[in-house]
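Participant: Numbering (the working numbering), first residue to last: 9 to 400.
For each residue, glycine too, the CB sits at the ideal point set by N, CA and C.
Bear in mind the structure is a predicted one, so any value in this text is a computation, not a measurement.
Handing you this structure, nothing more for now.
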Amino acid sequence: MEKQQICILGSTGSIGTQALDVIAQHGDRYEVYALTGNSRWQQLAQQARRFSPAAVVIADDTYYNNLREALADLPDIKVYAGSKALDEIVEAAPIDMVLTAMVGYAGLSPTIHAIRARKKICLANKETLVVAGELICSLAQQHRVPILPVDSEHSAIFQSLVGEGDNEVEKLLLTCSGGPFRNFSQQQLKTVTAADALRHPTWQMGAKITIDSATLMNKGFEVIEARWLFGVPAEKIQVLVHPQSIVHSAVQFCDGSVKAQLGVPDMRLPIQYAFSFPERLHLDGDRLDLFRAHDLEFIEPDMQKFRCLQMAYESLRQGGNMPCIVNAANEVANEAFRKGLCSFTEIADSIEKTMLKATFSATADYDTYVASDAEARRVAAELLHLDNNIKQ
9 MEKQQICILG STGSIGTQAL DVIAQHGDRY EVYALTGNSR WQQLAQQARR
59 FSPAAVVIAD DTYYNNLREA LADLPDIKVY AGSKALDEIV EAAPIDMVLT
109 AMVGYAGLSP TIHAIRARKK ICLANKETLV VAGELICSLA QQHRVPILPV
159 DSEHSAIFQS LVGEGDNEVE KLLLTCSGGP FRNFSQQQLK TVTAADALRH
209 PTWQMGAKIT IDSATLMNKG FEVIEARWLF GVPAEKIQVL VHPQSIVHSA
259 VQFCDGSVKA QLGVPDMRLP IQYAFSFPER LHLDGDRLDL FRAHDLEFIE
309 PDMQKFRCLQ MAYESLRQGG NMPCIVNAAN EVANEAFRKG LCSFTEIADS
359 IEKTMLKATF SATADYDTYV ASDAEARRVA AELLHLDNNI KQ
């Protein structure tokens, strides 16, 4: 069997490192062609030594010399740097699939380049569809490129839809743990810290997505992502707080039947399923013990307390560039909270005000998204009284 060549955008993050574990388990099927990271050049160098890719890219070019010197004794591994290099590496002819595991808006441009190069997309960067869902889906259709979901919730929905053909979907049921502050009062939320928010009850994830999970903005983004992945309008997508994180999501059909995907909280499973679809391969790890999986809870989310989820729904209702505006404002506020520059409740406040102040466009193309992202970041930073503490 000829090995599938994989490019991992964001190999030093949580999804990227787990993807490498999957590849290591199935070395007879998969091979790493390229690895990319933002600034963790030491970790990227270690990964390159282990997996011997043809190329590595460090997005922050200030670390280029460090990475090049660290790999100087391995001349077969080409070292590149910068955002342009990210766009170019995904177009390399040998690559069969691209795992988009970068965090935030930065994943949009290389994903577009990968689609235009007709690479299979394993999508873990939800912001790509949040910011430019209509554009991405149009390009994927134009270039006949499959987009396989890697988020555990969207993978669960995808797995539940396999074999259903054109059967009518009545509702998508997106589950979420509720985060560490599910039972906090509004008053308590005003004083929580980033350290509190980063203690997620069930999942091990990167800092940005963990904060988004605490505000429920992550779930709001997943609603938008589901709308584009599965062609289901927002009113047919329901969020369920499920603290045990065993039911990863479900689909309700027109006959009332509900199909769900269950499993332990392990992102390697949806990563591997995206790589191997339609095959299922063996995966080392824990198995779900249904004798212990009792007392499963499903609770309606409190959208007054967690307003980010409501704002995500509203941005989807408005359409155009509004989801892009929300994403940009959230990236600024999320980072500000992690740096102790704003409170937890100010995250939602600043996003809501940015939605009102930034320029709305009912129709949008790539240039519109770029301009909207820049404007919304500037507005959000001004609202939070930030200077140069937040990257623009």
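Within the continuous beta strand (DSSP E) that includes HIS393, where are the two ends?
Facilitator: Looking at the DSSP string, HIS393 is not in any beta strand (DSSP E), and its letter there is neither H nor E.
Participant: Please list the segments of the alpha helix (DSSP H) lying wholly inside the segment 18-84, counting only runs of 4 or more residues, in order along the chain.
Facilitator: You should have 22-33, 49-59, 72-78.
Participant: How many angstroms separate the CA atom of GLN252 from the CA atom of PHE261?
Facilitator: 24 Å
Participant: Within 8 Å, do at least three Cβ pairs link the segment 314-330 to the segment 359-371?
Facilitator: Yes, the segment 359-371 is in contact with the segment 314-330.
Participant: What three-state label does DSSP hand GLN280 in the structure shown?
Facilitator: helix
Participant: From THR44, ALA78, PHE59, pick the residue whose C-alpha is nearest to that of ALA67; which is it?
Facilitator: THR44
Participant: Taking only beta-carbon positions, decide if ALA370 is within less than 8 Å of chain B.
Facilitator: Although the question refers to chain B, the structure presented lacks it and comprises just one protein chain.
Participant: Give the C-beta separation of VAL240 and LYS227 to the nearest angstrom, bearing in mind that I take them to be a contact with Cβ-Cβ under 8 Å.
Facilitator: Not confirmed; about 15 Å, so no contact.
Participant: On the DSSP bridge list, what partners appear for MET275?
Facilitator: Answer is none; MET275 lacks a bridge partner.
Participant: Note down the Cα distance separating LEU52 from THR20, rounded to an integer number of angstroms.
Facilitator: Their backbone Cα atoms lie some 6 Å apart in a straight line.
Participant: Whole angstroms are fine: how far does the CA of PRO83 sit from the CA of SER323?
Facilitator: In this structure, the CA atom of SER323 is about 48 Å from the CA atom of PRO83.
Participant: Relative to the alpha-carbon of ILE307, which residue among MET213, LEU349, LEU182, GLU243 has its alpha-carbon at the smallest distance?
Facilitator: LEU182
Participant: Within a Cβ cutoff of 7 Å, which residues of the same chain sit near PHE285, ignoring the five residues on either side of it in sequence?
Facilitator: The beta carbon of PHE285 lies closer than 7 Å to those of LEU156 in the same chain, with the five residues before and after it left out.
Participant: How is CYS350 classed by DSSP in three states: helix, strand or coil?
Facilitator: coil
Participant: With H, G and I counted as helix, E and B as strand and the rest as coil, what does DSSP make of THR312?
Facilitator: Going by the sequence as given, residue 312 is Gln instead of Thr. Three-state result, GLN312: coil.
Participant: By DSSP, does GLU176 sit in helix, in strand, or in coil?
Facilitator: coil
Participant: How is PHE299 classed by DSSP in three states: helix, strand or coil?
Facilitator: coil
Participant: For the beta strand (DSSP E) containing PHE261, name the first residue and the last one.
Facilitator: Under the DSSP assignment, PHE261 falls in the beta strand (DSSP E) whose first and last residues are 255-261.
Participant: Are the beta-carbon atoms of ILE333 and ALA382 separated by less than 8 Å?
Facilitator: no
Participant: Tell me which same chain residues have a C-beta within less than 6 Å of the C-beta of TYR88, skipping the five on either side of it?
Facilitator: VAL65
Participant: Give me, in chain order, the residues of the same chain whose beta-carbon lies closer than 6 Å to that of TRP49; leave out the 5 immediate sequence neighbours on both sides.
Facilitator: ILE66, TYR71, ASN74, LEU75
Participant: Should THR229 go down as buried or exposed, given a rule of 16 or more other Cβ atoms within 10 Å for buried?
Facilitator: The displayed chain sequence assigns Phe, not Thr, to residue 229. Around the beta carbon of PHE229, a 10 Å sphere encloses 16 or more other beta carbons of the protein chains shown; the residue is thus reported as buried.
Participant: Using C-beta distances below 7 Å, list every residue in its chain close to PHE166, excluding the 5 sequence neighbours before and after it, in chain order.
Facilitator: Within the same chain, and ignoring the five residues on either side of PHE166 in sequence, the residues whose Cβ sits closer than 7 Å to its Cβ are PRO157.
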